[in-house]
Structure formats: structure tokens, C-alpha cells
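Undergrad: Just dropping this structure here.
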Amino acid sequence: MESEESLKMELSLKCPVCGSNLQLIENSAYVMLGCPRCRKYTRMTKKHIYRVYIEYDGNLIHLKWAELIKELYTRIATRYYLESDES
Ligand SMILES: [Zn+2]
């Protein structure tokens, strides 16, 4: 079992393979999107997210969530994912 605390959230996005709701999982190092039924997940490091999906506008910081989710979903849809070893 992972000692690291992680947050899990079910989305209304559907798995392109089985049609189940996809899950978004976040821990201190990664954000993952995947299908709990097919057990296919794609993962992005937070470091990468901070580098690519955060925009600075003066004092404001925007996290481009929609683009981030879209990219993760595209990876799932194009079957660019990791086999999960999570039990
Ligand atoms: Zn699925």
C-alpha cells in the first residue's frame, strides 16, 4: 500500500474503451487520469504541470486545468498510457 496520501475523484469523462467514468488521481508528485475498470492510467508529473500548464499574469497565477485534462484524456484516447500495478 502506498503511504503517500492521494486524492481520487471520479469524472464525468468516459473511458474510450469501456465507457466507465474516468478517475483523476492526485498525489504530491503526480496527477493521473485513468479508467478504474480497464486499469489504464496516464500520469503527468507535477513538475511538468507547473512548467507547462501554469501561466503567470502579473500577480495572478492561472492553472490551465482544461488544457491539462484535455492532454491527459488525449493520451488515454490514443492509448498512450501506463499499465497500472495498483491493486
Ligand atoms: Zn475503461
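At position 28 of the sequence shown (counting the first as 1) the number is 12 in this note's numbering, and the numbers step up by one without a gap. Think of the CB as a built atom: it goes at the ideal place given N, C-alpha and C, for glycine as much as any other residue. Nothing here was measured: the structure is a model prediction, and the numbers come from that model.
Report the three-state DSSP secondary structure of Thr29 (helix, strand or coil).
TA: Of the three classes helix, strand and coil, the one that applies to Thr29 here is strand, per DSSP.
Undergrad: Using a Cβ-Cβ cutoff of less than 6 Å, which residues in the same chain neighbour Val15 once the five nearest sequence positions on both sides are dropped?
TA: Excluding positions up to five away in sequence, the list reads Met28.
Undergrad: With distances taken from CA atoms, which of Leu44, Lys31, Gln7 and Pro0 is nearest Lys(-8)?
TA: Of Leu44, Lys31, Gln7 and Pro0, the residue nearest in Cα terms is Gln7.
Undergrad: Keeping to the same chain, check which residues put their C-beta closer than 6 Å to that of Leu56; ignore five residues upstream and five downstream.
TA: Here the set comprises Leu17 and Thr26.
Undergrad: If you run the structure through DSSP and keep just helix, strand and coil, what is Glu(-11)?
TA: Coil at Glu(-11), not helix or strand.
Undergrad: Would you grab the beta carbon distance between Ser4 and Arg23 for me? Rounded to a whole angstrom, and I think it's under 8 Å.
TA: No, Ser4 and Arg23 are not in contact; Cβ-Cβ is about 11 Å, not under 8 Å.
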